[in-house]
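Undergrad:
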Amino acid sequence: MNKIKKILFLLLLFYWGISIFKDTTYLVSLGDTPIYLNSTDILDNLKSSDRLKKGDVVTIKGIIDLKHYLAYKVIINGEIRYILEGDYIIIDNSFWRVLDNETNSP
């Protein structure tokens, strides 16, 4: 019985370690941040479909190159959306640091 407890404890510790150090990056809105349905809406200068409010947090899935712009590909309510500009900070969980969206420096 004691061996089973040790094994379960080690498995729990391993799972906890993986969850802390997984490579996830978040965008945290500090104010109104426009959300676009797709990348062509950004290129065609269309109005944003919605906005993030102050304190909203979304997961960044990547960055896409839109000729003269770089936009964040994010997950909002289980759907892919795009963020180009706005008032936000980026939290990079892999290094436990906050990146400023204006200077992109730690």
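For the sequence shown, position 30 (counting from the first letter as 1) is numbered 29 according to numbering that gives the first Met the number 0, and the numbering increases by one without interruption. Every residue gets a Cβ at the ideal spot worked out from N, C-alpha and C, and that includes glycine.
Among E84, I59, G61, whose alpha-carbon lies nearest the alpha-carbon of D49?
TA: E84
Undergrad: The beta strand (DSSP E) spanning L29 covers which residue range?
TA: Premise fails: L29 is in no beta strand (DSSP E) and is neither H nor E.
Undergrad: Determine contact between the segment 70 to 89 and the segment 1 to 12, defined as no fewer than three beta-carbon pairs at a distance below 8 angstroms.
TA: no
Undergrad: Using CA atoms only, rank isn't needed, just tell me which of G61, L26, K52, Y68 is closest to D43.
TA: Y68
Undergrad: Please state whether DSSP places L83 in a helix, a strand or coil.
TA: coil
Undergrad: What does a CB cutoff of less than 6 angstroms around L36 pick up in its chain, not counting 5 residues either side in sequence?
TA: These residues qualify, in order along the chain: S48.
Undergrad: So is L45 buried or exposed if we call it buried at 16+ other beta carbons inside 10 Å?
TA: That one is exposed.
Undergrad: Rounded to the nearest angstrom, how far is the Cβ of A70 from that of S38, given a contact under 8 angstroms?
TA: 6 angstroms
Undergrad: DSSP state of K60, grouped into three classes?
TA: strand
Undergrad: What is the DSSP secondary structure of K72, counted as helix, strand or coil?
TA: strand
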